[in-house]
Amino acid sequence: MRIAFCCTDVKAGPWLDELRAAVPDAQVEEWQPGAPPADHAIVWAPPQQFLDEQQQLKGIFNIGAGVDALLKLRLPAGARVVRIDDGGMAVQMAEFVCHAVIRHFRELDVYADQVAQGKWGFRTPRRRADFPVGVMGLGVLGARVAQAVAQFDFPVNGWSRLPKELPGVRGYTGAEQFGEFLAATRILVCLLPLTPDTENILNRDTLGKLRPGGYLINVARGAHLVDADLLELLDSGHVAGAALDVFRDEPLPPEHPFWRHSKITVTPHTSARTLREESVAQIVRKIRALERGEPVAGVVDPQRGY
Ligand code: NAP
Ligand code: GLV
């Protein structure tokens, strides 16, 4: 069995070492143009040439949860696309979003400014009931996030394509209930996959439906957000602030206004990182299962886009 590793912007050495140790019976190589075709591929943003050279691939393992970039390419027929299914990302995402929610709700940035000025002072405690949190996307990551936030007694709403029942989360489904979901939400968390249906979904109209003094936490993809619309709503005060981990262009260009906006917190696409050890173990387990003809979790439906 041949396994090709073809990941842009990823240091191949440690991955190759761990993969070779985990599947000693396979030939695991970093892809070079013209290499013999592989049975399985481990990829992140591979060049089109790599995919065009593959005629016998059974599995294309994306070393992340989001497959939007991969699905833009021409994929070899018959190969299943498999995403990382949690692999330690859900707990990271839960801690990141809970931190952002609490930092905003408890006005910790205001306290940090006060302390920097040597001031000792108290803010009036806010009511949790006034800060309902809405999670867009209740998949592997969104479900974990929604339930983690609910542990802090915030009212939590969740929105998905198909109905979902999660303890402590009020579910809203599909386009018909989207407006109702937004109107019931003040802190909005985006954990949708990027698909033609969800691109630009965070815009003037949708963010405008949030409760006044809304707050946006985008940890999904930059292309979900219309940047200019957010800036306009921050200026008008309808949206109080945003924590943005993902951007249309990454790295975020130096001249982009998000860098210096007083109401925006920027992080460099780091809310849930791919963990090599967990990912190698998961991918190897799935390669073995596919080789035995067994089903595996996390197979992407290219028509649906996630
Ligand atoms: P997932 O398991 O595929 O879940 C996607 C969820 O979105 C599902 O609940 C799905 O609804 C819902 N959804 C999809 N299209 C929808 C639509 N048109 N309307 C309403 N709901 C829709 O994905 P995941 O693993 O939770 O990851 C979500 C995204 O997070 C990834 O695609 C990636 O872009 C992003 N991500 C970011 C980072 C980071 O570091 N910033 C790290 C990892 C992932 P159904 O349940 O009804 O199908
Ligand atoms: C990271 O953004 C991922 O999709 O895993």
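Note that this note's numbering has the sequence shown beginning at 1032, numbered continuously upward. No residue lacks a Cβ here, since even glycine has one placed at the ideal position from N, Cα and C.
(request) Assuming V1220 and V1250 form a contact by the criterion Cβ under 8 Å, report the distance between their Cβ atoms to the nearest whole angstrom. (result) Residue mapping note: residue 1220 aligns to position 189 of the sequence shown, counting from 1. Residue mapping note: residue 1250 aligns to position 219 of the sequence shown, counting from 1. Contact flag correct, Cβ pair sits at about 7 Å.
(request) For R1217, count neighbouring C-beta atoms within 10 Å of its own C-beta (all shown protein chains included) and say buried if the count is 16 or more, exposed if not. (result) What you label residue 1217 is simply residue 186 of the sequence shown in a count that begins at 1. Per the 10 Å Cβ criterion, buried.
(message) I need the residues with a C-beta less than 5 Å from some heavy atom of the ligand GLV; please give them in chain order.
(response) G1095, A1096, G1097
(request) Taking the CB atoms as reference points, tell me whether M1032 and D1070 lie closer together than 7 Å. (result) Along the sequence shown, read from residue 1 onward, the residue named residue 1032 stands at position 1. Along the sequence shown, read from residue 1 onward, the residue named residue 1070 stands at position 39. Contact flag set, yes.
(message) In the DSSP assignment, the alpha helix (DSSP H) including A1312 goes from what residue to what residue?
(response) On the sequence shown, position 281 is the one that residue 1312 refers to. Unbroken alpha helix (DSSP H) run through A1312: 1307-1322.
(request) Could you say which of A1181, Y1203, E1207 lies nearest to S1191 if we only look at CA atoms? (result) For the purposes of this step, residue 1191 is taken as residue 160 along the sequence shown, with counting starting at 1. Taking only the C-alpha atoms, the option nearest S1191 is Y1203.
(request) Give a single yes or no on whether T1229 has its beta carbon closer than 6 Å to a heavy atom of the ligand NAP. (result) Stepping through the sequence shown from its first residue, residue 1229 is reached at position 198. For T1229, the CB falls within less than 6 Å of some heavy atom of the ligand NAP.
(message) Quick check on DSSP: helix, strand or coil for L1169?
(response) Walking along the sequence shown from the start, residue 1169 turns up at place 138. In this structure, L1169 counts as coil in the three-state DSSP scheme.
(message) Closer than 8 Å is the cut-off here; do at least three beta carbon pairs connect the stretch 1086-1103 with the stretch 1312-1330?
(response) Taking 8 Å as the limit for Cβ pairs, the verdict is that the stretch 1312-1330 does touch the stretch 1086-1103.
(request) Measuring alpha carbon to alpha carbon, tell me which of G1152, I1314, Y1337 ends up nearest E1049. (result) Sequence index remark: in the sequence shown, residue 1049 carries index 18 (1-based). With distances taken between Cα atoms, E1049 lies closest to I1314.
(request) Check whether the Cβ atoms of V1200 and G1189 sit closer than 7 Å, and answer yes or no. (result) The count along the sequence shown starts at 1 and reaches residue 1200 at position 169. The count along the sequence shown starts at 1 and reaches residue 1189 at position 158. Cβ atoms of V1200 and G1189: closer than 7 Å.
(request) Grab the span of the beta strand (DSSP E) containing G1272 for me, first residue to last. (result) Mapped onto the sequence shown, residue 1272 falls at position 241. 1270-1275 is the span of the beta strand (DSSP E), which, as asked, contains G1272.
(message) Using only CA atoms, which one of F1278, L1262, V1311, S1310 lies nearest to S1293?
(response) Within the sequence shown, residue 1293 is the residue found at index 262, counting from 1. For the residues F1278, L1262, V1311, S1310, the minimum Cα distance to S1293 belongs to L1262.
(request) For W1046, count neighbouring C-beta atoms within 10 Å of its own C-beta (all shown protein chains included) and say buried if the count is 16 or more, exposed if not. (result) To locate residue 1046, count along the sequence shown from 1; it is residue 15. W1046 comes out buried.
(request) For the stretch 1162-1209, list the beta strand (DSSP E) runs that are entirely contained and at least 3 residues long, ordered along the chain. (result) Every beta strand (DSSP E) stretch that sits fully inside the stretch 1162-1209 and reaches 3 residues is listed by chain position as 1164-1167, 1187-1191, 1201-1204.
(message) Please classify F1136 as buried or exposed, where buried requires at least 16 neighbouring CB atoms within 10 angstroms.
(response) Counting from 1 along the sequence shown, the entry for residue 1136 is found at position 105. Classification of F1136: buried, given that the 10 Å Cβ count is 16 or more.
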